[in-house]
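To start, the structure under review is shown below, and the notes come after it.
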Amino acid sequence: MENLQLRTFADYKKAYKKSTKDPEAFWEGIADTFTWQKKWDKTLEWDFEKPEVKWFQGGKLNITENCLDRHLEKLGNKTAIIWEPNDPDEESRYISYRQLFVKVSRFANVLKNNGIKKGDRVCLYMPMIPELAIAMLACARIGAVHSIVFAGFSSAAIARRINDSECKMLITANEVYRGAKKVNLKEICDKALEETPSIESVIVYRRTVEPTAMKDGRDKFWFDELQKAEKDCPAEEMDAEDMLFILYTSGSTGKPKGMVHTVGGYMVGTTYTFQNVFQLEKDDVYWCTADIGWITGHSYIIYGPLASGATTVMFEGVPSYPDYGRFWEICEKLKVTHFYTAPTAIRSLAKQPLKFVERHDLSSLKVLGSVGEPINEEAWHWYNDNIGKGNCPVVDTWWQTETGGIMISPLAGITPTRPTFATLPLPGVQPVLMDEQGEEIPHTNEPVEGRLAIKFPWPSIARTIYGDHDRYKEVYFSTFKGKYFTGDGAYRDASGNYRITGRVDDIVIVSGHNLGTAAIENAIDEHEAVVESAVVGYPHEVKGNALYAYVILYNDIEPSEELIKEIREIVANTVGPIAKPEKIQFVSGLPKTRSGKIMRRILRKIASKDTENLGDTSTLLNPEIVDEIMADFKA
Ligand code: 7RM
8 MENLQLRTFA DYKKAYKKST KDPEAFWEGI ADTFTWQKKW DKTLEWDFEK PEVKWFQGGK
68 LNITENCLDR HLEKLGNKTA IIWEPNDPDE ESRYISYRQL FVKVSRFANV LKNNGIKKGD
128 RVCLYMPMIP ELAIAMLACA RIGAVHSIVF AGFSSAAIAR RINDSECKML ITANEVYRGA
188 KKVNLKEICD KALEETPSIE SVIVYRRTVE PTAMKDGRDK FWFDELQKAE KDCPAEEMDA
248 EDMLFILYTS GSTGKPKGMV HTVGGYMVGT TYTFQNVFQL EKDDVYWCTA DIGWITGHSY
308 IIYGPLASGA TTVMFEGVPS YPDYGRFWEI CEKLKVTHFY TAPTAIRSLA KQPLKFVERH
368 DLSSLKVLGS VGEPINEEAW HWYNDNIGKG NCPVVDTWWQ TETGGIMISP LAGITPTRPT
428 FATLPLPGVQ PVLMDEQGEE IPHTNEPVEG RLAIKFPWPS IARTIYGDHD RYKEVYFSTF
488 KGKYFTGDGA YRDASGNYRI TGRVDDIVIV SGHNLGTAAI ENAIDEHEAV VESAVVGYPH
548 EVKGNALYAY VILYNDIEPS EELIKEIREI VANTVGPIAK PEKIQFVSGL PKTRSGKIMR
608 RILRKIASKD TENLGDTSTL LNPEIVDEIM ADFKA
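Counted from 1, the sequence shown has number 111 at position 104 by my numbering; the numbering is strictly sequential.
Here you go:
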């Protein structure tokens, strides 16, 4: 396999320059290193006003040939996936590239035997087990479109996603282990299946030996179906612009958006970014702790690493089981070299006594990654000092479900890092900051702040929202003419490094002043007693809106009036007196999505005393926190 890694800062600069001067030639050179059944005719066709983006048109390929077949000759015996179970006493599984190839081929035939054809949508509601990877790749092998729903979501959330894209099949497991709990996934599916007329068959993987209720004619066990399946399955010939998968991401309206990714561009984008950001060497062990139900899992547990011939770890459990040292125990046990997680996990682990880290030998680690939200200074240093021992570059990777792959990030060991900064755009990515008037802020040697947009297409951009191209246009391409709008705000320093400041929809107008809640939260978080905070606006008679802060304190700290005063003081001193929160409530947690994003919609409703209809809270990581916060509401 051709290696795509840039090796020096000078290489990076050169590649970046080329990628903006002649983006087509730049990406052609990268795309050429993959296995194509037929080479493309047209590298790029685009129009951000329509909007429409097409990469490598006329090219024919199958992504699984790039993730599996092409490695067999040289890397057939190399471990593709190391699976670490929830229970540390259960055996890990090591699956080689050849074994994975065999498993994927056979399961692809199970899909075919059950009537699945190219273009059909298949919903996957699975635990973090290798069979999830196998099922994804099997879909890709035959050209079926996978739609993975995170296995912590409710029946209603599954049904809604299945119905939106009219999936024909659902693949699930009977049960899943999660920490000390066991959850019956099949029961949750059965409830969803009462309202999903498009589903014709359900394949059930038995993760546990418990008896499972099966519906005759509809439900089939994974193993029974495998017995009946042929071994070989040729890879379907796919157009570069054929759909690879749909992944739902929450929208501001509450209706999830089914982001559509296509085969060719997504493959090229995720593989190129994986290799350059993480800089793996031959025998490295790479671990991304995300769930595969999130884009990070799609791009950087499965497709990017496998297309690169890397060894990728999949972990079934949670960071707190059997204790808060589990991540570090796994790093030691598997000799993990590259560790990629989210700030929310870092902060929750940083809250624990340091002995959970110190107990383990972390000397195998070379590179640390962060993704999902801005990483605050304190968490960055804790991660860098205690996990990386000051020796591992920390790559703070900014990107979105919609971008498919990493957009702004250091390249480990190659380009400089800077705490709380995602730093520089990857080659092929052309970010711009937009001012209040909707004008591009020019690149000068001045630090600036604005709304982050991208002015040129990159291969792994989502092509549409499934079934709703108008919404795709409205959400991403209508704010700034001819540009993709990210929804994030950013600061750019004199050297061109970006620091993502948060979602710009989190702006509150207090007495006529536009206040970004992210800046206020950062100020509050500087107080030594504070772990984390969330600030939202609520209607106020005099000011129009006032600010309500929800604040988490360290375990050993008692809430007090004194603290409230100090917090307001810090905000007054750093952001300005106008930004002082009217109300401060101490909470034990914040409602969060799995990837660590605070669900402000809910906090806003509570602060505004509009709690009749909080919307679907079942997709939260910690739905129970909502009742606690409501009970202690500061009227
Ligand atoms: C990969 C992912 C996307 C949103 C994005 C940002 C925020 C993600 C960072 C970040 C600051 C980062 N996809 N975000 N990474 N903010 N620094 N390194 O998270 O679709 O679930 O979310 O996440 O607001 O727009 S996502």
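We put the beta carbon where it would ideally sit given N, CA and C, even for glycine.
Backbone secondary structure at residue i - three-state DSSP
i    : result
F640 : coil
M8   : Bear in mind that a pLDDT of 45 at M8, under 50, signals an unreliable position, so the number given afterwards is only what the model happens to contain. DSSP places M8 in coil when its eight states are reduced to three.
E447 : strand
Y328 : coil
C338 : helix
V578 : helix
G126 : coil
W406 : coil
A526 : helix
K462 : coil
W47  : coil
R167 : helix
E635 : helix
M143 : helix
A180 : strand
D231 : helix
R14  : coil
E59  : strand
F363 : helix
L627 : coil
P546 : strand
M414 : coil
S162 : helix
R499 : strand
E565 : coil
C295 : strand
W301 : coil
Near the ligand 7RM: residue i beta-carbon under 7 Å from a heavy atom
i    : result
W405 : yes
A429 : yes
T179 : no
V378 : yes
T303 : yes
T280 : no
D298 : no
P584 : no
I507 : yes
S154 : no
T408 : yes
R510 : yes
P381 : yes
T493 : yes
S602 : yes
T256 : yes
Rounded distance between the beta-carbons of residue j and residue i, thought under 8 Å
i    : j    : result
K119 : I70  : Contact flag wrong, Cβ pair sits at about 18 Å.
I531 : V538 : Not a contact, Cβ separation roughly 10 Å.
L554 : E589 : 6 Å
G376 : F346 : 7 Å
R607 : V543 : 6 Å
N84  : S103 : 5 Å
CB contact below 8 Å: residue i versus chain D
i    : result
K462 : The structure shown contains no chain D; it holds only a single protein chain.
CB of residue i within 8 Å of CB of residue j, strictly
i    : j    : result
T408 : T256 : yes
M176 : E138 : no
T348 : D291 : no
G311 : T277 : yes
W53  : G272 : no
W387 : T430 : no
W301 : R601 : yes
D403 : I382 : yes
T40  : L68  : no
*Take every Cβ of the region 461-476, pair it with every Cβ of the region 382-391, and state whether three or more of those distances are shorter than 8 Å.*
Taking one beta carbon from each stretch, the region 461-476 and the region 382-391 have fewer than 3 pairs nearer than 8 Å; the two do not touch.
*Contact between the region 224-244 and the region 51-62 (3+ Cβ pairs under 8 Å)*: At 8 Å Cβ cutoff, the stretches do not touch.
*May I ask you to verify whether the region 411-428 touches the region 358-368, counting CB pairs closer than 8 Å and requiring at least 3?*
The region 411-428 is not in contact with the region 358-368.
_So, does the region 184-196 touch the region 277-290, judging by three or more C-beta pairs under 8 Å?_
Touching, no.
*Sufficient close CB pairs (3 or more, under 8 Å) joining the region 133-151 to the region 104-115*: By the C-beta criterion, the region 133-151 is judged to be in contact with the region 104-115, since at least 3 inter-stretch pairs fall below 8 Å.
*Is it a yes or a no for the region 193-201 touching the region 152-172, going by three-plus beta-carbon pairs under 8 Å?*
Counting C-beta pairs with one atom in each stretch, the region 193-201 and the region 152-172 have three or more that are closer than 8 Å, which means they touch.
_With a threshold of 8 Å, are at least 3 pairs of Cβ atoms found where one atom belongs to the region 480-489 and the other to the region 511-528?_
Flag = no, the region 480-489 and the region 511-528 do not touch.
_Under 8 Å: do the region 306-318 and the region 73-92 share three or more Cβ pairs, one atom per stretch?_
Contact between the region 306-318 and the region 73-92 is present, because at least three Cβ pairs lie under 8 Å.
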